[in-house]
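Its first residue numbered 1421, the sequence shown is counted upward by one per residue in our numbering.
Backbone N, C-alpha and C define an ideal beta-carbon position, used for all residues, glycine too.
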Amino acid sequence: MKIKLKPVTYGLIFLIFVFVLSFSVLVSSFNTRIYKSVYRSDENIKEFSGFSEEEYLGEIDRLKAYLFNTREDSNLIDSVYSEDEVSHMKDVYKLFRMVRIICVLSFFAAWFIIIKNKNHISYIDISRRWYLFIVYPVLIFAPAIINFEKFWTTFHKVLFSNDLWLMDPRYSLMINLLPEKIFYSISMMTIIVYFIIVLVAVLCFRFFSKREEKASYGTK
């Protein structure tokens, strides 16, 4: 019978949570459908920028390329934005780089734990604690669902050490290209992607736990 090591089990669950959440954030942030949908529903984007849908999505692709670049290169975006907007995007780049690093490290850390402790990890124990995959994100997602504007303001105050994110919509191209409703949609998409992946993961853990139970009965 496998030894149930609670620190290993809870550590693995936490790493899986971190990986799935960070992966969901990245996938949702770069989902072109979100930007296309908001552009079509928000006349202000068209009026302020004068961009056609194709031009708008092209600009969004340029911003995404900047954020996903392995090295920060403001030359990718400094042609149309103000100095403060470019400076803020440098801060955003650092944030996305951190999310990418966390995503990769949590994946390999979880994989290492599984390989290193394959004879000690109990899938039965993990499947019985599926609720932890709900508890962790609820603490994060609930404020965004209840009052997104307050959540978004707090998010910026906590993660940014300056006030460059406070852009004037009367003059800022960036704030008009990326209105708050885009980030609301990204947040909701993150929640959906997260729970889809978690559902698949829990079903997999239950499958392996059934096999584990049969194997343990067979050894009795």
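Residues near residue i in its chain [Cβ-Cβ closer than 6 angstroms; skip 5 each side]
{"i": "isoleucine 1436", "result": "Ala1530"}
{"i": "phenylalanine 1568", "result": "Tyr1604"}
{"i": "isoleucine 1480", "result": "Tyr1455"}
{"i": "phenylalanine 1450", "result": "Lys1484"}
{"i": "valine 1438", "result": "Ser1526"}
{"i": "tyrosine 1430", "result": "none"}
{"i": "asparagine 1537", "result": "Val1428"}
Residue interval of the alpha helix (DSSP H) (run including residue i)
{"i": "tyrosine 1591", "result": "First-last for tyrosine 1591: undefined, no H or E at that position."}
{"i": "lysine 1484", "result": "1473–1488"}
{"i": "valine 1555", "result": "1552–1566"}
{"i": "glutamate 1492", "result": "That residue, glutamate 1492, is in no alpha helix (DSSP H); it is neither H nor E in DSSP."}
{"i": "phenylalanine 1580", "result": "No alpha helix (DSSP H) contains phenylalanine 1580, which DSSP labels as neither H nor E."}
Closest Cα partner of residue i within the set the options
{"i": "arginine 1517", "options": "Leu1496, Asn1489, Phe1561 and Tyr1501", "result": "Asn1489"}
{"i": "phenylalanine 1561", "options": "His1508, Phe1615 and Ser1547", "result": "Phe1615"}
{"i": "isoleucine 1602", "options": "Asn1567, Arg1453, Pro1427 and Ser1444", "result": "Arg1453"}
{"i": "proline 1557", "options": "Trp1585, Ile1612 and Ser1592", "result": "Ile1612"}
Close Cβ partners of residue i (< 8 angstroms) along its chain, the five nearest in sequence each way excluded
{"i": "glutamate 1503", "result": "none"}
{"i": "aspartate 1462", "result": "Pro1599 and Lys1601"}
Reduced DSSP category for residue i - H, G, I as helix; E, B as strand; rest coil
{"i": "asparagine 1451", "result": "coil"}
{"i": "lysine 1424", "result": "Model confidence at lysine 1424 stands at a pLDDT of 46, short of 50, so the residue's coordinates are unreliable; what they give is reported in the following sentence. Lysine 1424 falls in the coil class under three-state DSSP."}
{"i": "glycine 1470", "result": "coil"}
{"i": "valine 1500", "result": "coil"}
{"i": "asparagine 1464", "result": "helix"}
Residue i, buried or exposed, once every other Cβ within 10 Å from all chains shown has been counted against 16
{"i": "serine 1448", "result": "buried"}
{"i": "phenylalanine 1528", "result": "exposed"}
Own chain partners of residue i with C-beta closer than 7 angstroms, once the 5 adjacent residues on each side are dropped
{"i": "valine 1506", "result": "Ser1494, Ile1497 and Asp1498"}
{"i": "tyrosine 1459", "result": "Ile1465, Glu1473 and Tyr1476"}
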